[in-house]
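Taking it in order: structure first as structure tokens, then the write-up.
There are 2 protein chains.
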Amino acid sequence: MTDTEQEVHAVAERSREAAAELAPLTRDAKDSALHAMAEALELRAAEIVSANATDVERAQADGQPQAMVDRLTLTPARVVEIAEAVREIAKLPDPVGEVVRGSSLPNGLELRQLRVPLGVVGIIYEGRPNVTADAAALCLKSGNAALLRGSSSAFTSNSAIVEVLRAALTDTAVPQDAVQLVPGSGRDSAQALMRARGLVDVLIPRGGASLIQTVVRESTVPVIETGEGNCHVYVDAAADLDKATDITVNAKTHRVSVCNAAETLLVHADIAEKFLPRVAAELIERGVVLHGDERVTPLVTTAVPATEDDWSTEYLAHDIAVRVVDSLDEAVAHIRRYSTAHTEAIVTDSQAAARRFVSRVDSAAVLVNASTRFTDGGEFGFGAEIGISTQKLHARGPMGLPEMTSTKYVVTGDGHVR
Amino acid sequence: MTDTEQEVHAVAERSREAAAELAPLTRDAKDSALHAMAEALELRAAEIVSANATDVERAQADGQPQAMVDRLTLTPARVVEIAEAVREIAKLPDPVGEVVRGSSLPNGLELRQLRVPLGVVGIIYEGRPNVTADAAALCLKSGNAALLRGSSSAFTSNSAIVEVLRAALTDTAVPQDAVQLVPGSGRDSAQALMRARGLVDVLIPRGGASLIQTVVRESTVPVIETGEGNCHVYVDAAADLDKATDITVNAKTHRVSVCNAAETLLVHADIAEKFLPRVAAELIERGVVLHGDERVTPLVTTAVPATEDDWSTEYLAHDIAVRVVDSLDEAVAHIRRYSTAHTEAIVTDSQAAARRFVSRVDSAAVLVNASTRFTDGGEFGFGAEIGISTQKLHARGPMGLPEMTSTKYVVTGDGHVR
Chain U
1 MTDTEQEVHA VAERSREAAA ELAPLTRDAK DSALHAMAEA LELRAAEIVS ANATDVERAQ
61 ADGQPQAMVD RLTLTPARVV EIAEAVREIA KLPDPVGEVV RGSSLPNGLE LRQLRVPLGV
121 VGIIYEGRPN VTADAAALCL KSGNAALLRG SSSAFTSNSA IVEVLRAALT DTAVPQDAVQ
181 LVPGSGRDSA QALMRARGLV DVLIPRGGAS LIQTVVREST VPVIETGEGN CHVYVDAAAD
241 LDKATDITVN AKTHRVSVCN AAETLLVHAD IAEKFLPRVA AELIERGVVL HGDERVTPLV
301 TTAVPATEDD WSTEYLAHDI AVRVVDSLDE AVAHIRRYST AHTEAIVTDS QAAARRFVSR
361 VDSAAVLVNA STRFTDGGEF GFGAEIGIST QKLHARGPMG LPEMTSTKYV VTGDGHVR
Chain Y
1 MTDTEQEVHA VAERSREAAA ELAPLTRDAK DSALHAMAEA LELRAAEIVS ANATDVERAQ
61 ADGQPQAMVD RLTLTPARVV EIAEAVREIA KLPDPVGEVV RGSSLPNGLE LRQLRVPLGV
121 VGIIYEGRPN VTADAAALCL KSGNAALLRG SSSAFTSNSA IVEVLRAALT DTAVPQDAVQ
181 LVPGSGRDSA QALMRARGLV DVLIPRGGAS LIQTVVREST VPVIETGEGN CHVYVDAAAD
241 LDKATDITVN AKTHRVSVCN AAETLLVHAD IAEKFLPRVA AELIERGVVL HGDERVTPLV
301 TTAVPATEDD WSTEYLAHDI AVRVVDSLDE AVAHIRRYST AHTEAIVTDS QAAARRFVSR
361 VDSAAVLVNA STRFTDGGEF GFGAEIGIST QKLHARGPMG LPEMTSTKYV VTGDGHVR
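Protein chains in written order, with full-length UniProt numbering: chain U, 1 to 418; chain Y, 1 to 418.
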């Protein structure tokens, strides 16, 4: 093992010990710790903002784009928001201990399946330093030790936040090592984390497609893939065109940089002539560029011709790929081929079409007559979200606190033998 | 890609297409297919037994141990049992479509989280050819395409069984490719399966520790670890010694070769002098060798001294490691250090001790006053079991049909936008 690996493994070992202490704590004990963390963030906001200034200056000196600098910047008001978010997490129900399934077996054994923490949760994330406090709080509330690995661009900010959170835990029942930052900010420390199988129970990458793909490829620790969203809106032959227009415009333009924004519009041939010019006008008015196939471009003269790449691109920008299909099944086949299986929506007044689309489309979320923008832990009423899983194992779709747990069977007898 | 990789990927691609056709099928359609499979197994039992004879002869010629040859051997009666097991699976409720969670959101959106199939399930297994039909039936019932990779020693038997099952699907709604055998029986074909990320949704290894570890290490497809069981029985100071004796003897000797057999006995110092000679006499009578620490050997003169290795060994034989501990917490610490987190039992009449043990021990199943042998899908009332997961993600403990599914959110609105 390299020095970095040894260092990261030693830290992970401490996370593991903290996780064992944290797991049996009551909700009250965990909530007190969360409130202590929130208070400390507010009291020591000046320190955090000052540490952040170092990162911001370096980013500016490095000529980083302004949007990136904005995401990185913390203000006293922003730190108060971060503290408030921690308090909101304290308000949520504790998933640990929930009885998922239970029965009395024929032989009198009492069987219960309980939610328990996962253990050590590694989070690898980019940019925004607010994720540091947010991820730590979500882990703590669900009884997990958080082992955090932010981007090197936010290393000074993240170190300051973690130092404040750990100090706040001193007088609580939660061990300080329940919140740790992976030491170092180089690639090798991230890699050591990805290889800490047996010490880290799960890795959740939060960030862009390339970060997520790197973690999936290089990690021997189990990974929950999140966030890549090549989302589709399919406007059926039986769609109400007012609703279809509203939903398409909202899904594409409400916020273009997020994973649940629409990236491709599929339109049934029967209504293409009426619908496409209409939706195109609304989209173009909002600065959207349409990338259309050869049946779209004659109807929308400003559309640029779509290439094969457009169908699989997550633009995260004011662009949308547009294709005319001859049937619902053709739309489904297109989605199966190109989608990242995050979110797809159908707009239709036909019950049969909705039913077929819902049963045939294999994505984390399938929406009927609603914008793709609703796939979100907050919108779903989960209160908080650690990410949106696009994989099928363990968790799929928006992940709230229950998705940050495993289960354990507890079986009680009275001397039972087989 | 090598030729083998191309071949295996082409087969996996067909599994993928079959999975898409299989996913929306009704329970009736799937059950009809299962009954057709069961009938075909019975009708063509002679062919299967004759193919099996080839494998058996080769195993004998290779000088394989008799126990291995026994596990490999099929008789007409055994094939009927296999068919019966398929019919039992048909009787179980269909997990697909179950609403796991649902609510009406404040804005009127209707949210439902439904169980859906995982997609393509790869099973890598050893020895027994009955697993072929069993795994195929469990996959089919849960709406998944089965991509099977048995051991090379059973290749002729497995090929015959799969050929019978596929032929039986001809006149059903289930596509034939829902059941496929990975081509080839060499190491390279198993490896190609483990690398078919994106084509295969999950790999479940069924077999010994070394098979499972190989799959975990080499696979880029997500794996569910199963079966390794270094299970502990802890006899507390407050134990009823009659029950403690019965439970220890049952956990160790009821069936020594299974993953839920006990491998280590931890005894509280307060009762060691009374309990150890008593339980040792019962165990020794049944041919068990005790491997004791330095506080055990003076009390059980026939015990051999335990080495560090004994604490982490899954004997699967008539051996048990025995240690005296000074407290429940010392027992918990021992378990945390050496256990594979499969199953641990406590024997105690103290409510406080039971509560502490259950909350502190982090294993898939924790039993109070019951034998470790109860950790089993059948005993838990699941009707069938694809394996016992010893990992924390996705499924933990005995895996029934619901554990072979993922979920999907279906959100229905009426033109909803954000």
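For each residue, glycine too, the CB sits at the ideal point set by N, CA and C.
- Secondary structure note for L266 of chain Y: its beta strand (DSSP E) is the uninterrupted segment 262-268.
- DSSP places V288 of chain Y in no alpha helix (DSSP H); its state is neither H nor E.
- For Y409 of chain Y, the nearest beta carbon of chain U is closer than 8 Å to its own beta carbon.
- The alpha-carbon separation between H416 of chain Y and R373 of chain U amounts to approximately 10 Å.
- Between A384 of chain U and the set U:V49, U:Q60, U:R87, U:V80, the nearest pair of CA atoms involves U:R87.
- At a cut-off of 8 Å, the C-beta of I212 of chain U has no neighbouring C-beta in chain Y.
- The beta-carbon distance between K392 of chain U and L25 of chain Y, rounded to whole angstroms, is 18 Å. This is too long to meet the 8 Å contact definition.
- Remark: three or more beta-carbon pairs, one from each stretch, lie closer than 8 Å, so the stretch 136-148 of chain Y and the stretch 172-180 of chain Y are flagged as touching.
- By a beta-carbon distance limit of 8 Å, V80 of chain Y contacts A45 of chain Y. Their separation comes to about 7 Å.
- The shortest CA-to-CA distance from E273 of chain U to any of U:A251, U:T412, U:L241 is the one to U:L241.
- Scanning its chain for C-beta atoms nearer than 8 Å, with the 5 sequence neighbours on each side dropped, one finds around D270 of chain U the residues A237, in chain order.
- In the DSSP assignment, E110 of chain Y forms a beta bridge with Y:S104, Y:T412.
- Going by DSSP, Y338 of chain U is part of the alpha helix (DSSP H) stretching over 328-338.
- The contact set of I247 of chain U on chain Y, defined by CB atoms closer than 9 Å, consists of G413, G415, H416, V417 in chain order.
- The Cβ atoms of F155 of chain Y and S185 of chain Y sit closer than 8 Å to each other.
- The three-state secondary structure of R355 of chain Y, taken from DSSP, is helix.
- Taking a cut-off of 8 Å for Cβ pairs, the stretch 217-233 of chain U and the stretch 155-168 of chain U do not touch, as fewer than three such pairs fall below it.
- A distance of 8 Å or more separates the beta carbons of P175 of chain Y and V202 of chain Y.
- For C259 of chain U, the three-state secondary structure derived from DSSP is coil.
- Against chain U, the CB of P222 of chain Y has a partner CB under 8 Å away; the residue lies at that interface.
- A303 of chain Y has its alpha-carbon roughly 58 Å from the corresponding atom of A29 of chain Y.
- The stretch 81-168 of chain U contains, as complete alpha helix (DSSP H) runs of 4+ residues, the segments 130-141 (chain order).
- Scanning U:A173, U:G127, U:L165, U:V164 for the CA closest to the CA of S152 of chain U turns up U:G127.
- With respect to the C-alpha of M37 of chain Y, the residue from Y:L22, Y:L140, Y:V288 having the closest C-alpha is Y:L140.
- For the pair A262 of chain U and H232 of chain U, the CB atoms are nearer than the 8 Å cut-off.
- A Cβ-Cβ separation of about 14 Å leaves A192 of chain Y out of contact with V120 of chain Y under the 8 Å criterion.
- Separation of V366 of chain U and V347 of chain U (C-alpha to C-alpha, rounded to the nearest whole angstrom) is 11 Å.
- Taking L328 of chain U as the centre and dropping the five residues before and after it, the same chain places the C-beta of D236, A353, R356, F357 closer than 7 Å to its C-beta, in chain order.
- Among the CB atoms of chain Y, one or more fall inside 8 Å of the CB of V358 of chain U.
- Looking from the CA of L111 of chain U, the closest CA among Y:G397, Y:I48, Y:K408 belongs to Y:G397.
- Rounded to whole angstroms, the gap between the alpha carbons of P93 of chain Y and V162 of chain U is 48 Å.
- Of the residues assessed, S210 of chain U falls on the exposed side of the cut-off, its CB having fewer than 16 other CB atoms within 10 angstroms.
- The stretch 128-139 of chain U and the stretch 395-412 of chain Y do not touch, with fewer than 3 CB-CB distances between them shorter than 8 Å.
- Cβ contact annotation for E21 of chain Y (same chain, cutoff 6 Å, sequence separation greater than five): P175, in chain order.
- Taking a C-beta cut-off of 9 Å against chain U, the contacting residues of the stretch 342-368 of chain Y are T343, A345, V347, A354, R356, V358, S359, R360, V361, D362, S363, A364, A365, V366, L367, V368, listed in chain order.
- By the neighbour-count criterion, in which a residue is buried when 16 or more other Cβ atoms sit within 10 angstroms of its Cβ, D171 of chain U is exposed.
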